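Step one of this worksheet: look at the structure below.
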Amino acid sequence: MMNTADRSLAILDYALRRRFAFYEIKPAFESRGFKEYQARLDNPLFNKLISCVKRLNTVIKMDSSLGKGFCIGHSYFCGLTPEGISETSLDAIIEYEIIPLLEEYWFDEPDNVNNWSDQLRNSIR
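Taken in order, the sequence shown gives residues 1332 to 1456; the numbers are from my numbering.
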């Protein structure tokens, strides 16, 4: 899929789909590479946050207004090091990347945003 998070591109998306083949890139939390990365980080807060995001992705997939193309990908969590990972660094990902995304996804469902924002924040406390 193209950038399904930006619905204003729908017309362009359809035009491009007629001309090109597409390769779907899915969140890779279950991939061997990500699991090895997670094991190297060896951080309980990171592990809890990833578990929470996986649960959130299940809800996003089942949401009729969103679907699998809106799932939160593993790339938000890549690039951390065992020395640099902290509650502060994880909190920054939640507050400045994930929650704003949820606010866009569920702009008309503030209860969903608040519920998942709380769950994400609590996962690293």
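Ideal placement from N, C-alpha and C gives every residue a C-beta, glycine not left out. Because the structure is a prediction, the values reported are computed rather than measured.
What number of angstroms, rounded off, separates the C-alpha of residue i from the C-alpha of residue j?
i     : j     : result
F1351 : S1395 : 26 Å
L1411 : H1405 : 12 Å
L1371 : K1392 : One point to set straight first is that residue 1371 is Arg, not Leu, in the sequence displayed. Approximately 29 Å, taken between the alpha carbons.
D1422 : P1413 : 16 Å
E1355 : L1347 : 15 Å
S1417 : G1364 : 21 Å
K1399 : Y1436 : 13 Å
L1433 : T1389 : 14 Å
I1424 : F1377 : 11 Å
F1353 : P1375 : 36 Å
D1439 : F1401 : 16 Å
Less than 8 Å between C-beta atoms, sequence neighbours within five positions excluded: which residues of the same chain meet that for residue i?
i     : result
Y1368 : C1409
I1429 : V1384, I1403, Y1407, L1451
For residue i, collect the residues of the same chain with a Cβ closer than 7 Å to its Cβ; drop the 5 residues on either side in sequence, then sort them by chain order.
i     : result
F1360 : I1381, K1385, H1405
L1387 : I1403, W1447
Using a 10 Å radius around the Cβ and a threshold of 16 neighbouring Cβ atoms, would you call residue i buried or exposed?
i     : result
S1454 : buried
V1444 : buried
Y1345 : exposed
If you drop the 5 nearest sequence neighbours on each side, which residues of the same chain put their C-beta closer than 6 Å to that of residue i?
i     : result
S1448 : I1430
Quick check for students: name the residue ranges of the alpha helix (DSSP H) that lie wholly in the stretch 1406 to 1439, counting only runs of 4 or more.
1418 to 1424, 1430 to 1436
Which whole runs of the alpha helix (DSSP H) in the stretch 1345 to 1402 are 4 residues long or more, in chain order?
1363 to 1372, 1375 to 1393
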